[in-house]
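Peer 1: One structure follows; several queries about it will come next.
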Amino acid sequence: MLQQREKQARRTGLPELANAEKGKVVLRFAPNPNGPLSFGHARGIIINGEYAKEYDGELILRFDDTDTSKKPPLVKAYDLIQQEAEWLLGFSPHRIIIASDRIAEYYSHVELMLEGGFGYVCKCSAEQFREYRVGMTDCPCRSYSTVDNLEFWQDMLDGTYQPGDAVVRVRTDMTLRNPALRDWPALRIQDTEANPHPRATVGSKYRVWPLLDFQSAIEDHLQGVTHIIRGKDLMDSTRKQKLLYEHFGWDYPETMYWGRVKVHEWGGFSTSQMRKDIEAGLFEGWSDPRLPTIASLSGSGIQASALRNFWTELGVTQKDIAVPLATLYSHNIKIIDDDAPRIAFIRDPVALTLVGVNESFVEIPTHPNTSNLGTRKIDLQNSVVFVEREDLQHHKLRLKEFGDFDIKDNQAHFVAKERTDKRKIIHWTSKDSSVDASLQRVIDGEICLLKGKLEEHQLPSNTPVQIERIGYGIIAAHDKIIFTHD
RNA sequence: GCUCGUAUAGUGUAGUGGCCCAUCAUAAAGGACUCUCAUUCCUUUGACCCGGGUUCAAAUCCCGGUACGAGCACCA
């Protein structure tokens, strides 16, 4: 007992998984493909993915596309989500599951449940059942025989019942303290004639569809999921599913939860709402830079690894949090700055004629801290340079990496190559080495295109750059830069 | 209403009874470096929700408040 404990090092990265054996961990991320991935989804993908990586386990990407009317899937979202998941993770999910391809499996488990007597077909209305639930009294349908239940089940399948007429419930206990757990619904009927499933191979093939708690529970078991990490809004879902697992005699996976996340700058983010707004023409599409989607983030220069660092740093606490985007930006800068070429963009450009300059060009470093990126050559054949109008408040200026100049009547009179005083250092470019270009930036909820002169470059699209004295951005085209952040 | 959960600096986060007058990051302020209002580096400011209890010892355990959030959907 005299031994002194070493000062415990600060834990970094994600906390350990309970009961996890390296190589035998199976995790999953299960979005509804009613739109591409949002910033919030990234947490699910990244946390589960990082654990899969850390434990040499597997990550399943599962499409929970079982609602055809309230949150109908978007056909193109299946592919988009796969691409976005791969981009975020840096690897492809090990398995892809689509719930709507698995209906037969779910049906066979319904039959097991009905035969085992731990499920029943309930023909009460939702309102009626709510009264039973609140009153902690058994619903009359609870006492049907197995034979009856199997017959009613067939009636659900063959169209005898309409949506709302019958559901399959898991028999738990109507006196459970937690009302959410009392004989919870497992499957319901949807009118897939009026609202066919958007996937052509599914369409109107099924009328009876599982609800999340049932579908997810069965699928997790079939896939051998060992750990479920999800939002704490699904805590009661876990409790419901555990009751079902007990009926089947299965072991429930280990679970972890995270709390609600808000971003100061965005507020909440609902895929359904975004979809409405896009369809209403409020936004240009899922990659609109004002939207909190993965498409928007990646399109405006946020790196996947920045998102990974961001979410793993937040970890898996159950606290509801509000985070500023500054934290994400700081991660992004750490990733891109060392390799980001410097480039000049002159807003509100004013042309100045050089006086007293003999050189036909100047060569300046592409990155101030490393020579690996080489130099850029600025042509001066025409002796005309561009500077920002705002900088002309001063009449003694230093053109960065070029020389000191005195400004008079739109002429820049050469003073010296070396610094002669403390005059302001500004970025600039030349007429010969620049093009008319624009800088796309979101300002007060508007997408703005700032016109200006962009230094000539041969950088491919999507290259992260540092726009001198302005901030960071990515190359969108030869004559366009998309602003990322300060 | 019933049920469940969470509460550490401005914002996040570490901490599972003595290493803690509490970690790290970010933000803010100041400074160094720098031919960018960038990067890097240094310094400073700043927190255990409240009240009881257990204990030699509590951010850590217990009880009670309070605040916030979630579930009680034939959504996911």
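Position 351, counted from 1, in the first sequence is what the numbering used here calls 366; the numbers after and before it change by one each time, with no gaps. We put the beta carbon where it would ideally sit given N, CA and C, even for glycine.
1. With a CB to CB cut of under 7 angstroms and the five nearest residues on each side skipped, what residues in its chain are close to P2?
2. For E21, collect the residues of the same chain with a Cβ closer than 7 angstroms to its Cβ; drop the 5 residues on either side in sequence, then sort them by chain order.
3. Counting C-beta neighbours from all protein chains within 10 Å, is the total for E258 16 or more, i.e. buried, or is it exposed?
4. Can you tell me which of the three DSSP states M289 falls into?
5. Between the Cα of S231 and the Cα atoms of L202, K220 and D394, which residue gives the shortest distance?
6. With a threshold of 8 angstroms, are at least 3 pairs of Cβ atoms found where one atom belongs to the segment 21-36 and the other to the segment 96-105?
7. Kindly list the residues whose CB is nearer than 6 angstroms to the CB of P380, restricted to its own chain and excluding five residues on each side of it in sequence; keep chain order.
8. Rounded to whole angstroms, what's the CA-CA distance from R25 to Q333? Just pull it up for me.
9. Over what stretch of residues does the beta strand (DSSP E) that includes L129 continue unbroken?
10. Since I believe R110 is in contact with E73 (beta carbons under 8 angstroms), could you give me their beta-carbon distance rounded to a whole number of angstroms?
11. From the DSSP output, read off the bridge partner residues of P211.
12. With a 10 Å radius around its C-beta and 16 neighbouring C-beta atoms as the bar for buried, classify R192 as buried or exposed.
13. Would you mind stating whether I204 and V223 have Cβ atoms separated by less than 7 angstroms?
14. Taking DSSP as the reference, what is the three-state secondary structure of F284?
15. Does the beta-carbon of S252 have 16 or more other beta-carbons within 10 angstroms, so that it is buried, or is it exposed?
16. With DSSP run on the structure shown, which of helix, strand or coil describes E471?
17. Skipping 5 residues on each side, what residues in its chain have a beta carbon closer than 6 angstroms to that of K392?
18. For a test of the three-state rule: what should DSSP assign to Q426, helix, strand or coil?
19. Is the beta carbon of I358 less than 7 angstroms from the beta carbon of E470?
20. Would you tell me roughly how many angstroms separate the C-alpha atoms of H409 and E280, rounded to the nearest one?
21. Tell me the DSSP secondary structure of I204 in three-state form.
22. Helix, strand or coil: which one does DSSP assign to V40?
23. Is K411 helix, strand or coil by DSSP?
24. CA-CA distance, I112 and I75?
25. Excluding the 5 residues preceding and the 5 following M128 in the sequence, name in chain order all residues of the same chain whose CB lies nearer than 6 angstroms to its CB.
26. Have a look at the DSSP bridge pairing and note the partners of L367.
27. On the CB-based measure, 16 or more other CB atoms within 10 Å of its CB, does Q256 come out buried or exposed?
28. Would you call the segment 457-464 in contact with the segment 401-417, where contact means no fewer than 3 C-beta pairs closer than 8 angstroms?
29. Assess, as a yes-or-no matter, whether the segment 336-348 is touched by the segment 440-448 under the definition of 3 or more beta carbon pairs within less than 8 angstroms.
30. Going by C-alpha to C-alpha distance, which of Y121, N49 and H428 sits closest to L237?
31. To the nearest angstrom, how far is it from the Cα of G486 to the Cα of K432?
32. Could you name each continuous beta strand (DSSP E) segment of 3 residues or more that falls completely within the segment 248-277, going from the start of the chain to the end?
33. Whole alpha helix (DSSP H) runs in the segment 319-386 with 4 or more residues, listed along the chain?
34. Quick check on G174: does DSSP put it in helix, strand or coil?
35. Give me whichever residues DSSP pairs with S53 in a beta bridge.
36. Quick check: the Cα distance between T435 and D421, rounded to an integer number of angstroms?
Peer 2: Reading from the atomic positions:
1. Nothing can be reported for residue 2, as the shown portion of the chain is limited to 16 through 501.
2. Low per-residue confidence applies at E21: pLDDT is 43, beneath 50, and the placement is therefore not dependable, though the value from the model is reported in the following sentence. So no residue of the chain qualifies.
3. A small fix is needed here, since residue 258 is Leu in this sequence, not Glu. Here L258 is buried, its C-beta having at least 16 other C-beta atoms within 10 Å.
4. In the structure shown, the three-state DSSP call for M289 is helix.
5. L202
6. no
7. T390
8. 20 angstroms
9. It is not in any beta strand (DSSP E) - L129 instead sits in the alpha helix (DSSP H) that spans I118 to G131.
10. 6 angstroms
11. Answer by DSSP bridge pairing: none, since P211 is not bridged.
12. Taking every protein chain shown into account, the CB of R192 has fewer than 16 other CB atoms within 10 angstroms, so this residue is exposed.
13. yes
14. coil
15. The residue is buried, with at least 16 neighbouring Cβ atoms inside 10 Å.
16. coil
17. For K392, where only same-chain residues beyond five positions count, the Cβ hits under 6 angstroms are F376 and E378.
18. strand
19. Going by C-beta atoms, I358 is nearer than 7 angstroms to E470.
20. 36 angstroms
21. strand
22. Looking at V40 - three-state DSSP - the assignment turns out to be coil, as it is neither helix nor strand.
23. In this structure, K411 counts as strand in the three-state DSSP scheme.
24. 7 angstroms
25. Cβ within range, chain order: G134.
26. V400
27. Residue environment: Q256 is assigned as buried (16 or more neighbouring CB atoms within 10 Å of its CB, all protein chains considered).
28. no
29. no
30. When only C-alpha atoms are compared, the closest one is Y121.
31. 27 angstroms
32. 269-273
33. 319-329 and 340-351
34. coil
35. T308
36. 12 angstroms
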